[in-house]
Every structure is written in C-alpha cells, then in structure tokens.
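Going down the list, the protein sequences come from chains A and B. Residue 77 in full-length UniProt numbering sits at position 77 of the first sequence; the count goes up by one each step and never skips. Residue 73 in full-length UniProt numbering sits at position 73 of the second sequence; the count goes up by one each step and never skips.
Number of protein chains: 2
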Amino acid sequence: MASPLGEKIRARRTELKMSLDALAVQTGSSKSYLWELENRDNPKPSAEKLSRIAEALKVTLEFLWNAEDESPDEAVKDEAFFRQYQKLPSAEKKRLQRMLDAWDDDE
Amino acid sequence: MASPLGEKIRARRTELKMSLDALAVQTGSSKSYLWELENRDNPKPSAEKLSRIAEALKVTLEFLWNAEDESPDEAVKDEAFFRQYQKLPSAEKKRLQRMLDAWDDDE
DNA sequence: CAGTTGCGTTCGGTGTGCCGAACATTGATA
DNA sequence: TATCAATGTTCGGCACACCGAACGCAACTG
C-alpha cells in the first residue's frame with residue numbers, strides 16, 4: 001500500500017526523530033496529509049509541498065521523487081560529483097560533456 | 001503576471017523549439033495547462049507533472065522549482081549534464097569522477 | 001483509578017489542479 | 001484576396017490534493 005515516496009519520507013522523518021505534527025509545522029502541511037503521503041497508495045503531492053518536505057528532511061527533491069532505481073548512497077555521490085563539476089571552467093565542462101555525449105551515442 | 005517557473009519553462013521550451021502541443025504530448029499534460037503554467041500568476045503544479053516537464057526539457061526538478069536568480073544559461077546546461085550523467089552505469093560514472101579528480105589535482 | 005500528553009489515524013468538505021473543446025491569431029501557400 | 005495549418009488562448013467543469021477536527025491508543029503521573 002505504501003509508495004516508495006511514502007517509505008522515503010517516513011524513513012527520513014523517523015531517522016530525524018520527528019513526529020508527523022513536527023514535520024507538518026515545518027512544512028506548512030497538515031499532519032493528516034503527511035500521513036496520507038506516507039501511507040496511501042499513489043500520492044501525488046504538489047511540487048510546493050514536496051519541496052518543503054524535502055527541505056525539512058534535508059534531502060533533494062530529486063531524491064524524494066525519482067531515485068527509485070538508485071540507491072541513496074549512489075544518489076549522494078552523484079550530487080557530490082555535480083557540485084564538483086559545477087565549479088569547473090567551461091572549457092573543462094565541455095570536455096566532460098563531449099565524453100558523456102560520446103557514451104550516449106554508443107548506447 | 002508570469003512566474004519565474006513559467007519563464008523558465010517557456011524559455012527552455014522555445015530554446016528546444018517545441019510547441020505547447022509537443023510538450024504536452026511528451027509530458028502527459030494538456031497544452032492548456034502548460035499555457036497556464038507559463039503565463040498564470042502563481043502556478044502550483046504537482047510533482048508528477050513538473051517532473052515530467054523537467055525531463056522533457058532536460059533540466060532537473062530543482063532547477064525549475066528553486067527560484068535561484070543566478071545566471072540561468074550555464075545552470076541549464078549544467079543541469080542537463082547532470083541529468084544525463086545520472087543515467088550512466090556506475091562504471092562510467094567512475095571514469096568521469098576520476099577525470100574530475102584529476103583536474104582538481106592540477107588546480 | 002481518572003486525567004494528561006503525545007503520537008498516529010480517519011473522514012467529510014472545499015478549493016483548485018488539470019482537462020477537453022472551442023475560439024483567436026499568426027503565417028504560409030496559391 | 002481566400003484558405004489551411006499550426007500555434008497560442010480562453011473557459012466550464014470534474015476529480016482529487018489538502019485541510020480541520022475528531023478519534024484511538026499508548027505511556028505516563030498523581
């Protein structure tokens with residue numbers, strides 16, 4: 001019954017030792033709705049709600065919404081890579097971009 | 001009237017030379033709704049819709065949603081790169097990671 | 001025991017996200 | 001000019017995201 005999104009929210013919330021009430025206050029949601037997100041079948045929160053939840057849980061939107069096939073560990077590494085990448089001068093970025101494109105062409 | 005989110009969606013959509021119709025098909029939305037997202041005052045799309053839009057536009061959820069007023073052009077490219085990167089198998093990721101590390105060592 | 005506090009759960013109602021279908025507008029073609 | 005195709009715009013209405021308020025239940029404390 002519970003969705004992957006719901007599992008992630010609950011896992012992270014309990015990890016941070018928050019109650020539904022506490023999270024509700026921080027995110028401007030109602031605890032009843034948060035309960036629905038965690039337990040109901042196919043939750044479809046708004047970007048706004050989910051964004052505030054992600055913020056309160058100190059994870060990214062991407063992690064909550066679509067990291068289904070990715071382990072949390074790998075997601076964290078990917079984000080670290082990205083932060084590192086962003087600091088490069090654009091000439092270097094282009095080099096990496098070309099490598100990526102080349103790989104996509106091979107499948 | 002148009003929100004930052006709306007501006008970003010339109011900017012990226014026209015950049016990719018897509019019509020509202022085309023984007024609608026790709027994202028499972030209606031073009032009328034996409035028009036509302038681009039032009040109406042305070043759009044509050046669901047995470048689901050926004051996620052599919054981000055994917056079609058090749059940017060991340062974070063980029064579309066966060067009202068970062070930093071230089072958008074390079075940010076868009078970075079996000080596109082990251083989205084592409086995430087789909088790689090981890091062996092490939094490691095290769096790129098090593099290149100990045102090598103760069104950092106040189107300064 | 002009765003009361004309190006803290007947590008999760010249920011549920012009816014309401015605002016609005018999102019849609020389909022019509023209408024407006026531009027541009028191209030002859 | 002008239003006409004057709006493509007894109008953008010408007011609008012009425014339905015479905016459901018989200019809420020408040022009640023409820024259940026366990027662990028306390030006097």
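A virtual CB, placed ideally from N, CA and C, is assigned to each residue, including glycine. Keep in mind it's a predicted model, so treat the numbers as computed, not measured.
Figure out for me which residue from B/Thr27, B/Ala47, B/Lys31 has the closest Cα to the Cα of A/Leu5.
On the first sequence, position 5 is the one that residue 5 of chain A refers to. That would be B/Ala47, whose Cα lies nearest to the Cα of A/Leu5.
Can you round the beta-carbon distance between B/Leu37 and A/Leu61 to whole angstroms, since I take them to be within the 8 angstroms contact cut?
Against the second sequence, residue 37 of chain B aligns to sequence position 37. Against the first sequence, residue 61 of chain A aligns to sequence position 61. About 17 angstroms separates the beta carbons of B/Leu37 and A/Leu61, which is beyond the 8 angstroms limit, so they are not a contact pair.
Leaving aside the five residues before and after B/Ser90 along the sequence, list all residues of the same chain whose C-beta is less than 8 angstroms from its C-beta, in chain order.
Residue 90 of chain B sits at position 90 when you count from the first residue of the second sequence. Excluding sequence neighbours, B/Ser90 sits near nothing in its chain.
Which residues in the same chain have their Cβ closer than 8 angstroms to the Cβ of B/Trp35, if we skip the five residues on either side of it in sequence?
If you number the second sequence from 1, residue 35 of chain B lands on position 35. Once the five neighbours on either side are set aside, the close Cβ partners of B/Trp35 are Leu20.
Measure the CB-CB distance between A/Asp78 and B/Gln86 and report whether it falls below 9 angstroms.
To locate residue 78 of chain A, count along the first sequence from 1; it is residue 78. To locate residue 86 of chain B, count along the second sequence from 1; it is residue 86. It is a contact, given that the beta carbons lie within the stated cut-off.
For A/Val25, count the other beta carbons within 10 Å of its own beta carbon; 16 or more makes it buried, fewer makes it exposed. Which is it?
One-based indexing of the first sequence puts residue 25 of chain A at position 25. Exposed, since its Cβ has fewer than 16 Cβ neighbours within 10 Å.
The ligand GDP and A/Pro4: does the residue's C-beta get closer than 8 angstroms to at least one heavy atom of that ligand?
You won't find the ligand GDP in this model; it holds no ligand whatsoever.
Cβ-based burial, A/Arg98 [other Cβ within 10 Å; buried from 16]:
Here residue 98 of chain A corresponds to residue number 98 of the first sequence, with the count starting at 1. Of the residues assessed, A/Arg98 falls on the exposed side of the cut-off, its CB having fewer than 16 other CB atoms within 10 angstroms.
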